[in-house]
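Have a look at the structure below before the remarks.
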RNA sequence: GGGCGAAUAACUCAGUUGGUAGAGUGCAACCCUUACAAGGUUGAAGUCACAGGUUCGAGCCCUGUUUCGCCCA
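In the UniProt record's numbering, the protein residues as written are 1 to 886.
Written out as structure tokens, the structure is:
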């Protein structure tokens with residue numbers, strides 16, 4: 001496709017796939033562990049193999065891709081390690097559901113057969129998200145893609161388990177844990193979502209042994225009463241000070257339970273009498289331990305009442321609640337029922353109400369690990385960005401509970417613990433043992449539980465790089481440079497990676513943790529299927545292109561603030577992509593006349609200016625990406641591209657490009673415009689990889705991929721130098737042109753009408769600038785004549801603007817509307833007067849003159865002088881107009 | 001109950017050691033000027049949530065209040 005047939009509008013379809021394939025095929029995403037180049041590594045937060053790309057993933061991976069692509073452009077050896085996690089419970093749920101459609105339960109299959117089914121599912125439909133990440137443009141090193149159930153990662157899991165066990169940091173114990181009766185597994189505390197919900201607080205009378213009176217307990221969960229083994233009172237509670245009874249009868253049963261006293265009881269809540277159910281409530285469990293109470297499990301693993309519930313045996317737990325309440329009411333034990341909002345735990349995978357339950361499980365003793373992990377952040381070995389999150393991190397680390405790691409499911413890393421059937425010896429081994437190392441028996445039984453998925457993801461930064469082998473990859477890339485994630489998995493994942501990384505690698509897993517916000521809908525509401533406000537990233541990409549979508553995410557990703565996404569916003573940035581495309585189209589059109597030729601002596605102000613701005617912008621973009629300020633980087637690039645390069649420079653360059661300034665100037669300007677366009681493409685590439693590559697290829701001045709280019713400004717380039725004097729001069733030219741345009745617009749002068757303008761200034765610099773750039777001013781303000789003089793008589797029948805020290809007179813012989821011009825000047829004067837009042841107020845304040853720093857005072861004085869001059873000139877002109885009109 | 005964050009133009013948001021408020025979208029007017037109407041030019045629009053305080057000076061720092069959101073218990 002030749003450049004003159006470049007389409008008028010940018011259409012991303014087809015182009016994105018083409019370049020993605022090109023990059024992959026040519027190894028542009030590959031890291032090199034043997035290289036001496038500066039390494040830069042990021043490990044991806046592994047999405048679930050069950051997952052599909054949502055807005056959160058899109059933001060997360062766009063940010064990582066921006067960082068990685070930027071670093072490659074800086075010449076670093078970048079490793080972006082991709083992969084997925086096996087998502088034990090979620091995956092098992094899906095496969096079970098699929099089996100259920102065929103009328104098969106997992107228990108009808110053998111464990112091995114079931115796991116085969118899961119692998120089959122994984123091969124067939126798992127990991128769809130990986131291809132979706134590719135649509136987004138993610139430049140991961142796909143050849144290194146890992147999965148938490150891979151052989152290598154499984155070895156790492158085993159080694160870690162065995163070592164922690166031998167260090168007594170893993171133990172098995174009978175504790176109260178969170179049980180999901182639907183998934184039929186234990187959950188860690190973190191895997192329980194607490195939701196506020198409307199419930200009732202039931203007041204139930206437990207009669208005294210003697211038969212007279214009784215204690216009224218208050219509970220939201222009457223069905224657990226069958227597991228009560230005491231009623232607790234606060235020893236300081238005046239209401240029960242004189243109570244001599246020692247036992248109460250448990251209604252609906254024939255059991256008697258003791259009355260105990262413990263400070264834990266909250267005298268404010270309910271009646272101050274607390275029913276104690278050690279087997280079904282975490283607080284009661286600890287209370288029970290202190291008082292040596294019996295624990296009676298009355299709800300089984302399916303959420304069904306056990307025979308401990310007497311006649312309610314076999315009922316589902318919530319049905320039992322209903323039935324028990326009816327019975328209590330019928331028998332006169334239910335004293336009252338009041339509405340109450342309370343927080344109820346739900347399984348984070350299936351939303352079933354979690355049952356706290358006494359159970360034998362495996363735990364990690366996290367205290368010592370957490371301390372090191374917290375210290376690493378305190379000592380600055382790892383930075384959390386934005387810094388505020390470190391407080392949340394410390395809060396959790398300092399109050400951490402042991403981590404329940406065993407799950408009663410089949411899909412996952414099976415716990416490497418064997419018990420000898422003959423002698424009861426327990427073996428914890430990296431390699432499956434064949435015989436008991438104590439009695440030699442071959443009758444060994446392996447623990448049936450698997451490990452929490454997060455146990456394996458905790459090892460991700462080093463297990464993916466080949467640990468426990470001492471690989472070259474680890475040597476080159478560990479610790480990684482940055483981890484990019486949402487705050488929702490700060491505890492689940494980041495904290496645990498910190499613990500494991502420090503413990504097993506003796507080094508933090510990453511130097512920076514960048515926490516980004518959530519993506520919400522345009523009104524700031526969390527996206528959810530039930531609300532119907534979910535925007536599918538893939539549909540957005542289909543409609544607007546990945547580049548526009550990525551740029552939108554980046555532009556709104558301000559630190560510490562949620563990203564509010566709406567298609568309108570993406571459309572706005574789609575227009576930006578198109579703008580860039582057309583700037584390139586324009587440039588290409590001119591490059592067809594032949595390549596540019598640089599000659600520094602022939603550069604005029606706009607060329608020097610755009611080169612200076614190009615350098616300033618590149619620096620700003622670079623700096624902002626390095627400091628995780630993606631919105632600032634995006635807006636600096638946007639502002640420059642659209643409003644400096646396209647709006648001003650391209651327009652200013654047209655006469656030269658169309659040959660009106662001679663062949664030499666034409667060549668020089670071609671050289672400048674292609675240089676600036678190239679720089680712009682490179683600095684935009686991290687945000688918009690596809691369109692920048694497409695344009696890069698079309699440019700006759702470039703070769704290879706934009707991915708092999710160097711970020712502008714990081715290598716010496718005599719053309720790319722910031723020159724603030726040049727920028728100041730150009731500002732004056734802009735002011736003059738805008739002043740004339742304003743007059744044209746407010747006086748309703750058609751654009752086709754050429755104007756005559758004279759300018760007067762005493763300022764030699766301003767005069768020089770105008771004279772040197774008169775052609776540009778004439779062109780951009782559409783003038784047929786422009787003269788610059790010393791201040792003198794104002795031309796008659798003209799409208800006036802004042803810019804810095806320059807008075808501009810737009811000659812409007814015969815067309816001037818004096819009323820309109822007077823109104824226009826009035827407005828200008830009002831504006832200036834308002835500013836002048838504010839400035840003068842400050843300068844008339846003696847304390848200000850005395851106490852403010854000198855440079856500030858000088859600056860304000862300068863402003864005042866400028867405003868006064870402007871004011872005077874405007875008034876003079878207003879008088880003149882009034883005189884002529886009057 | 002503990003913690004974190006937000007409140008700035010009609011909307012969505014920026015705002016770097018305090019020096020007197022900006023952008024995008026939207027809105028209004030004009031314009032098919034040979035890169036782009038997915039465009040150009042010009043313009044209107046703000047008691048920076050409220051109340052105190054520190055300071056010559058506060059959107060920014062301090063204290064309190066209100067409203068909203070999130071996390072933990």
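From the three backbone atoms N, C-alpha and C, an ideal C-beta is built for every residue, glycine too.
Exercise. Using CA coordinates, which residue listed in 316, 135, 402, 381 is at the minimum distance from residue 176?
Worked result: It is 402.
Exercise. Excluding the five sequence neighbours on either side, which residues of its own chain have a C-beta within less than 8 angstroms of the C-beta of residue 15, listed in chain order?
Worked result: For residue 15, where only same-chain residues beyond five positions count, the Cβ hits under 8 angstroms are 690, 691, 694.
Problem set entry | Residue burial classification, residue 436 (beta-carbon count within 10 angstroms, cutoff 16) | Buried: at least 16 other Cβ atoms inside 10 Å.
Exercise. Should residue 367 and residue 400 be called a contact, given that it needs their Cβ atoms to be closer than 8 angstroms?
Worked result: Residue 367 places its beta carbon less than 8 angstroms from that of residue 400.
Problem set entry | Inter-residue Cα distance where the pair is residue 595 and residue 544 | Rounded to whole angstroms, residue 595 and residue 544 show a C-alpha spacing of 33 angstroms.
Problem set entry | contact_flag[the segment 374-390, the segment 501-520] where n(CB pairs < 8 angstroms) is 3 or more | Yes, the segment 374-390 touches the segment 501-520.
Exercise. Comparing alpha-carbon positions, which option in 412, 518, 474 lies nearest residue 41?
Worked result: The shortest CA-to-CA distance from residue 41 to any of 412, 518, 474 is the one to 474.
For this session: May I have a chain-ordered list of the alpha helix (DSSP H) segments no shorter than 4 residues that lie completely inside the segment 735-819?
Result: Look at the segment 735-819 and you find these whole runs of alpha helix (DSSP H), each 4 residues long or longer: 764-772, 774-781.
Problem set entry | Length of the line joining the Cα atoms of residue 783 and residue 588 | Cα to Cα, residue 783 sits roughly 29 angstroms from residue 588.
Problem set entry | residue 59 vs residue 553 beta-carbon contact at 8 angstroms | At the C-beta level, residue 59 and residue 553 come within 8 angstroms of one another.
Exercise. Excluding sequence positions up to five away, which residues of its chain have a Cβ less than 8 angstroms from the Cβ of residue 605?
Worked result: Excluding the 5 residues flanking it on each side, residue 605 has same chain C-beta neighbours closer than 8 angstroms at 726, 729, 730, 733, 769, 772, 773, 776, in chain order.
Exercise. Going by the CB atoms, is the gap between residue 182 and residue 350 shorter than 8 angstroms?
Worked result: Yes, they are a contact pair.
Problem set entry | Helix, strand or coil at residue 94 [DSSP, three-state] | DSSP places residue 94 within a helical segment (H, G or I) once states are collapsed to three.
Exercise. Hey, quick one: how far does the beta strand (DSSP E) through residue 362 stretch, first residue to last?
Worked result: Counting along the chain, the beta strand (DSSP E) containing residue 362 begins and ends at 355-364.
Exercise. Where residue 532 and residue 198 are concerned, what is the direct C-alpha to C-alpha distance, given to the nearest angstrom?
Worked result: Each residue's alpha carbon lies about 24 angstroms from the other.
Problem set entry | Alpha-carbon spacing of residue 631 relative to residue 466, whole angstroms | For residue 631 and residue 466, the gap between their C-alpha atoms comes out near 36 angstroms.
Problem set entry | Of the listed residues 497, 320, 443, 625, nearest to residue 393 (C-alpha basis) | Nearest of 497, 320, 443, 625 to residue 393, Cα basis: 497.
For this session: Can you grab the Cα-Cα spacing for the pair residue 4 / residue 585, in whole Å?
Result: Confidence at residue 4 is low in this model, with a pLDDT of 43, below 50, so its placement is unreliable and no value can be given for it.
Exercise. Taking the C-alpha atoms as reference points, what is the distance between residue 376 and residue 613?
Worked result: The alpha-carbon separation between residue 376 and residue 613 amounts to approximately 41 angstroms.
Exercise. Name the DSSP bridge partner or partners of residue 720?
Worked result: DSSP lists no bridge partner for residue 720.
Problem set entry | Outcome for residue 716 when other beta-carbon atoms lying within 10 angstroms are tallied against a minimum of 16 | It counts as exposed.
Exercise. Can the beta-carbon of residue 450 be found less than 8 angstroms from the beta-carbon of residue 88?
Worked result: Contact: yes.
For this session: Determine the direct distance from the alpha carbon of residue 35 to that of residue 77, and round the result to whole angstroms.
Result: A straight line joining the alpha-carbon of residue 77 with that of residue 35 spans about 7 angstroms.
Exercise. Quick one, which of 742, 346, 205 has its alpha-carbon nearest residue 936's?
Worked result: Shown here, the chain extends from 1 to 886; a query on residue 936 therefore has no answer.
Exercise. Below 8 angstroms, can you find three or more Cβ-Cβ pairs linking the segment 118-133 to the segment 38-54?
Worked result: These segments touch.
Problem set entry | From 238, 254, 295, 293, residue whose alpha carbon lies closest to that of residue 267 | Scanning 238, 254, 295, 293 for the CA closest to the CA of residue 267 turns up 238.
For this session: Mind reading off the beta-carbon distance from residue 276 to residue 288? Whole number of angstroms is fine, and I expect it under 8 angstroms.
Result: Between residue 288 and residue 276 the Cβ distance is about 6 angstroms, and since that is below 8 angstroms, they are a contact.
Exercise. CB-CB under 7 angstroms to residue 69, same chain, minus the five flanking residues each way: which ones, in chain order?
Worked result: Cβ neighbours of residue 69 beyond the five flanking positions: 139, 685, 686, 689.
For this session: Helix, strand or coil for residue 393, going by three-state DSSP, please let me know.
Result: DSSP places residue 393 in helix when its eight states are reduced to three.
For this session: Report the partner residues of residue 338 according to the DSSP bridge assignment.
Result: Note: residue 338 is bridge-paired with 201 in the DSSP secondary-structure output.
For this session: Would you list the residues sitting across from residue 206 in a DSSP beta bridge?
Result: Answer by DSSP bridge pairing, in chain order: 215.
Exercise. By the 10 Å Cβ neighbour count, where 16 or more other Cβ atoms means buried, how is residue 680 classified, buried or exposed?
Worked result: It counts as buried.
Exercise. What is the residue span of the alpha helix (DSSP H) that residue 637 lies within?
Worked result: Its alpha helix (DSSP H) spans residues 630-638.
Exercise. The alpha helix (DSSP H) with residue 549 in it runs from where to where?
Worked result: Here the alpha helix (DSSP H) through residue 549 covers 546-556.
Exercise. DSSP state of residue 195, grouped into three classes?
Worked result: Three-state DSSP puts residue 195 in a strand.
Exercise. Residue 384 bridges to which residues according to DSSP?
Worked result: DSSP output for residue 384 lists 513 as bridge partner(s).
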